[in-house]
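Trainee: Here it is: the structure, laid out below.
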Amino acid sequence: MQNLIRFLTKSGTFLLFVLLQGISIYLLVTGNRFQQSVVFSSANQVAGKIYEWRESLTVFFSLKSNNEALMRENNDLLVRIHTLEEALSLYSDDSTIPLIQPNPAESFRLIPARVHHYSTAHLKNFITLNVGSKDGVQPEMGVANADGIVGVVSRVSDHYSVVIPVINPQIVRFSCKLKSSNTNGSLVWDGVDKRFAFLEEVPPYVPVSKGDTVVTSGYSDIFPEGIAVGIVEDYFLGEHAKFLHVKIRLSVKFDALSNVRVIDYIHQKEMKRLIREAEL
Amino acid sequence: MKFYVQHVVWFLSLIALQVLVLDSIQFMGFFLPFVYVYPILHLPANMRTPWVVLVSFLTGMVIDVFSNTPGMHASAATLLGFLRYPVLRLFVLKEDLGMRNVQSEWLGWSVYWRYATLLVFLHHVSLFLLESFTFLHVGLLLIKIPVCVLLTLVCIFCFEQFKPRGHATKF
Numbered sequence: 077m078q079n080l081i082r083f084l085t086k087s088g089t090f091l092l093f094v095l096l097q098g099i100s101i102y103l104l105v106t107g108n109r110f111q112q113s114v115v116f117s118s119a120n121q122v123a124g125k126i127y128e129w130r131e132s133l134t135v136f137f138s139l140k141s142n143n144e145a146l147m148r149e150n151n152d153l154l155v156r157i158h159t160l161e162e163a164l165s166l167y168s169d170d171s172t173i174p175l176i177q178p179n180p181a182e183s184f185r186l187i188p189a190r191v192h193h194y195s196t197a198h199l200k201n202f203i204t205l206n207v208g209s210k211d212g213v214q215p216e217m218g219v220a221n222a223d224g225i226v227g228v229v230s231r232v233s234d235h236y237s238v239v240i241p242v243i244n245p246q247i248v249r250f251s252c253k254l255k256s257s258n259t260n261g262s263l264v265w266d267g268v269d270k271r272f273a274f275l276e277e278v279p280p281y282v283p284v285s286k287g288d289t290v291v292t293s294g295y296s297d298i299f300p301e302g303i304a305v306g307i308v309e310d311y312f313l314g315e316h317a318k319f320l321h322v323k324i325r326l327s328v329k330f331d332a333l334s335n336v337r338v339i340d341y342i343h344q345k346e347m348k349r350l351i352r353e354a355e356l
Numbered sequence: 017m018k019f020y021v022q023h024v025v026w027f028l029s030l031i032a033l034q035v036l037v038l039d040s041i042q043f044m045g046f047f048l049p050f051v052y053v054y055p056i057l058h059l060p061a062n063m064r065t066p067w068v069v070l071v072s073f074l075t076g077m078v079i080d081v082f083s084n085t086p087g088m089h090a091s092a093a094t095l096l097g098f099l100r101y102p103v104l105r106l107f108v109l110k111e112d113l114g115m116r117n118v119q120s121e122w123l124g125w126s127v128y129w130r131y132a133t134l135l136v137f138l139h140h141v142s143l144f145l146l147e148s149f150t151f152l153h154v155g156l157l158l159i160k161i162p163v164c165v166l167l168t169l170v171c172i173f174c175f176e177q178f179k180p181r182g183h184a185t186k187f
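Protein sequence lines, in the order shown, are assigned to chains L and H. Be aware that the first sequence starts at 77, since it is given in our numbering, and climbs by one per residue. Be aware that the second sequence starts at 17, since it is given in our numbering, and climbs by one per residue.
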């Protein structure tokens with residue numbers, strides 16, 4: 077017993093060091109999984125409040141670019157309304173053809189959110205939003221802004237949520253497609269440059285050209301179809317010529333994020349249930 | 017009392033600087049300094065290592081909470097706290113360690129730089145290795161580590177140079 081006590085006091089520092097390292101490594105290994113507790117993330121109340129306070133100070137500096145982004149988005153929406161109205165008028169003019177009713181059950185809902193904090197310098201980047209479960213946000217919902225997809229919600233507290241952006245290797249793989257050929261691939265980020273990501277598992281016989289648009293495929297249960305991802309920058313054959321690696325210039329500028337939308341894909345739950353049933 | 021308050025203020029202000037300002041400003045894309053190591057380097061020379069380790073761990077943990085990286089900064093900072101005493105002993109005799117802050121006025125710039133550079137380097141290496149656990153880009157790390165070490169040292173130089181005069185050196 078005496079020896080034990082002497083041993084403990086003598087090597088106490090080292091034991092403390094090992095203990096604290098153990099805790100750190102444990103958190104590091106287990107801490108970044110989906111739906112983990114929010115205590116150790118910036119979605120917790122204290123960190124969330126502090127980021128909110130900081131954002132309220134810095135929001136003025138980005139008013140101009142925010143306005144421009146909103147105006148651009150407004151323009152796009154006006155153009156779309158116009159084309160849709162024209163399309164609709166074609167049908168409504170002729171009384172013999174029944175009016176096309178818009179689908180009453182909408183397939184997704186958008187939750188507007190503001191970015192409180194984001195990082196782009198790390199390998200594992202994160203974004204903190206000012207909306208949480210009280211606003212209807214849940215883990216594994218998609219996040220996009222006017223330019224394209226931003227990421228996927230990972231942790232949610234009452235008032236805040238943490239998003240894993242496309243520029244974090246831990247993001248769940250989801251499928252995207254080349255708009256020109258309708259070919260699917262999954263989006264990955266290699267951790268090097270925040271402007272580029274890769275579309276992988278593209279068959280080698282698919283015609284790809286620089287400048288092609290890449291959009292979400294709608295096969296995943298996170299994003300609806302057709303949201304912009306980026307533009308093909310380059311492409312090359314992978315090992316054994318089995319797959320093409322397509323380098324994509326991401327359409328979202330991760331240096332300047334402010335307004336985003338969380339996509340509550342209402343069909344998601346239904347799709348998940350179906351898939352589960354099919355797998356059984 | 018004033019002595020303790022000054023240390024607490026250093027810790028709080030540099031943590032705030034790290035998470036509120038530096039994390040959002042990056043130099044050329046992906047380089048950033050980790051200034052929260054400075055208050056750990058600055059702790060009194062004869063502070064017992066268990067306390068240094070504990071303080072470092074807590075500092076790292078706070079940074080982790082804000083940057084959503086549970087365990088990463090905590091682990092690197094704990095290592096820094098643990099290695100602080102051995103590294104200090106490389107440059108200073110045991111008899112000279114007193115209840116005074118480790119700073120350039122006491123050690124002289126050349127010794128202080130060796131002390132700071134070695135510890136900052138060890139901290140950054142462990143931090144970046146932990147960060148890239150599974151996604152190891154050796155080439156990227158070889159650029160990232162020296163540049164970030166340099167940025168951190170530049171910040172430390174500024175703190176050392178411009179810290180308030182009459183900063184308590186003795187108890």
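All C-beta atoms in this analysis are idealised placements derived from N, C-alpha and C, irrespective of residue type, glycine included. Please read all numbers here as calculations on a predicted model, not as lab measurements.
Where residue 86(H) and residue 75(H) are concerned, what is the direct C-alpha to C-alpha distance, given to the nearest angstrom?
Mentor: Taking the straight line joining both Cα atoms gives about 12 Å.
Trainee: Roughly how many angstroms separate the alpha carbons of residue 47(H) and residue 198(L), rounded to a whole number?
Mentor: Rounded to whole angstroms, residue 47(H) to residue 198(L) spans 8 Å at the Cα level.
Trainee: Determine whether the beta carbon atoms of residue 240(L) and residue 305(L) lie at a separation below 8 Å.
Mentor: In this structure, residue 305(L) does not lie closer than 8 Å to residue 240(L) by Cβ.
Trainee: Taking Cβ-Cβ distances shorter than 8 Å, what residues in chain L pair up with residue 17(H)?
Mentor: The premise fails here: residue 17(H) is roughly 27 Å from chain L at the closest Cβ pair, so nothing lies under 8 Å.
Trainee: Can you give me the start and stop residues for the alpha helix (DSSP H) that residue 203(H) sits inside?
Mentor: The structure shown does not extend to residue 203(H), since chain H spans only 17 to 187, so no value can be given for it.
Trainee: Kindly confirm or deny that the segment 294-308 of chain L and the segment 317-332 of chain L touch, where touching means at least three C-beta pairs closer than 8 Å.
Mentor: Yes, they touch.
Trainee: Using a Cβ cut-off of 8 Å, which residues of the segment 261-289 of chain L contact any Cβ in chain H, in chain order?
Mentor: The residues in question are 266, 267, 268, 269, 270.
Trainee: My output table needs one value for residue 231(L): the three-state DSSP class, helix, strand or coil.
Mentor: Strand, per DSSP.
Trainee: Using only the alpha-carbon positions, how far apart do residue 32(H) and residue 250(L) sit?
Mentor: Taking the straight line joining both Cα atoms gives about 36 Å.
Trainee: Could you give the DSSP three-state label for residue 110(L): helix, strand or coil?
Mentor: Below a pLDDT of 50, predicted positions are generally treated as unreliable, and residue 110(L), at 42, falls in that range; no measurement from the model is reported.
Trainee: Restricting to Cα atoms, I'd like to know which of 301(L), 246(L), 208(L) is closest to residue 105(L).
Mentor: Measuring from the Cα of residue 105(L), the nearest candidate turns out to be 246(L).
Trainee: When DSSP labels each residue in this structure, what does residue 46(H) get in the three-state scheme?
Mentor: Three-state DSSP puts residue 46(H) in coil, outside helix and strand.
Trainee: Hey, how far is the Cα of residue 92(H) from the Cα of residue 257(L)?
Mentor: In a straight line, the C-alpha of residue 92(H) is about 47 Å away from that of residue 257(L).
Trainee: Just to make sure I have the definition right: I need the residues of chain H whose C-beta is within less than 8 Å of the C-beta of residue 206(L). Which are they?
Mentor: Correct list: empty, because the minimum Cβ distance to chain H is about 16 Å.
Trainee: Quick check on residue 84(H) - is its C-beta less than 8 Å from some C-beta in chain L?
Mentor: Yes, its Cβ sits closer than 8 Å to a Cβ of chain L.
Trainee: Identify each residue in the segment 232-249 of chain L for which the Cβ-Cβ distance to at least one residue of chain H is less than 8 Å, and report them in chain order.
Mentor: So the list reads 238, 245, given in the order they occur along the chain.
Trainee: Taking only the alpha-carbon atoms, compute the straight-line gap between residue 36(H) and residue 130(L) and give it to the nearest angstrom.
Mentor: About 7 Å.
Trainee: Within 8 Å of any Cβ in chain H, is that where the Cβ of residue 118(L) sits?
Mentor: True, the Cβ-Cβ gap to chain H drops below 8 Å.
Trainee: Please classify residue 233(L): is it buried, with 16 or more other beta-carbons within 10 angstroms of its beta-carbon, or exposed?
Mentor: Classification of residue 233(L): buried, given that the 10 Å Cβ count is 16 or more.
Trainee: Where do the N-terminal and C-terminal ends of the beta strand (DSSP E) with residue 32(H) fall, by residue?
Mentor: Careful: residue 32(H) lies outside any beta strand (DSSP E), inside the alpha helix (DSSP H) at 18-32.
Trainee: Please tell me whether residue 262(L) and residue 138(L) are closer than 8 Å, where the distance is taken between their beta carbons.
Mentor: For residue 262(L) and residue 138(L), no; Cβs fall outside 8 Å.
Trainee: Could you tell me the alpha carbon to alpha carbon distance between residue 311(L) and residue 242(L), rounded to whole angstroms?
Mentor: Approximately 19 Å, taken between the alpha carbons.
Trainee: Name the DSSP beta bridge partners of residue 259(L), please?
Mentor: Bridge partners of residue 259(L): 254(L).
Trainee: Just to confirm the assignment, what range does the alpha helix (DSSP H) spanning residue 310(L) have?
Mentor: Unbroken run through residue 310(L) is the beta strand (DSSP E), 304-313; no alpha helix (DSSP H).
Trainee: Let me confirm a value: residue 177(H) is counted as buried when at least 16 other C-beta atoms fall within 10 Å, else exposed. Which label applies?
Mentor: When all chains shown are included, residue 177(H) counts as exposed.
Trainee: Would residue 291(L) and residue 220(L) qualify as a contact pair, given that the criterion is a beta-carbon distance under 8 Å?
Mentor: For residue 291(L) and residue 220(L), no; Cβs fall outside 8 Å.
Trainee: Is it true that the segment 343-352 of chain L meets the segment 280-287 of chain L, where meeting means three or more beta-carbon pairs spaced less than 8 Å apart?
Mentor: Result no; under three Cβ-Cβ pairs closer than 8 Å.
Trainee: Alpha carbon to alpha carbon, what distance is there between residue 111(H) and residue 119(H)?
Mentor: Residue 119(H) and residue 111(H): Cα-Cα distance of roughly 17 Å.
Trainee: Taking 8 Å as the threshold (beta carbon to beta carbon), is residue 139(H) in contact with chain L?
Mentor: No, its Cβ sits nowhere closer than 8 Å to a Cβ of chain L.
Trainee: Does the separation of the CB atoms of residue 200(L) and residue 147(H) fall below 8 Å?
Mentor: Yes, the Cβ-Cβ distance between residue 200(L) and residue 147(H) is below 8 Å.
Trainee: Candidates 231(L), 188(L), 213(L): which alpha carbon is nearest residue 202(L)'s?
Mentor: Among 231(L), 188(L), 213(L), the Cα nearest to that of residue 202(L) is on 231(L).
Trainee: Taking only three categories from DSSP, how would you classify residue 293(L)?
Mentor: Of the three classes helix, strand and coil, the one that applies to residue 293(L) here is coil, per DSSP.
Trainee: Whose CA, out of 120(L), 289(L), 265(L), 218(L), lies closest to the CA of residue 358(L)?
Mentor: Outside the displayed span of chain L (77 to 356) sits residue 358(L), for which this structure offers no information.
Trainee: Note down, in chain order, each residue of its chain lying with its Cβ closer than 8 Å to the Cβ of residue 139(H), except the 5 sequence neighbours on either side.
Mentor: Result list for residue 139(H): 50, 53, 92, 93, 95, 96, in chain order.
Trainee: Below 8 Å on C-beta distance, what does residue 101(L) contact in chain H?
Mentor: Those are 87, 91, listed as they occur along chain H.
Trainee: With DSSP as the reference, label residue 271(L) as helix, strand or coil.
Mentor: It is coil, neither helix nor strand.
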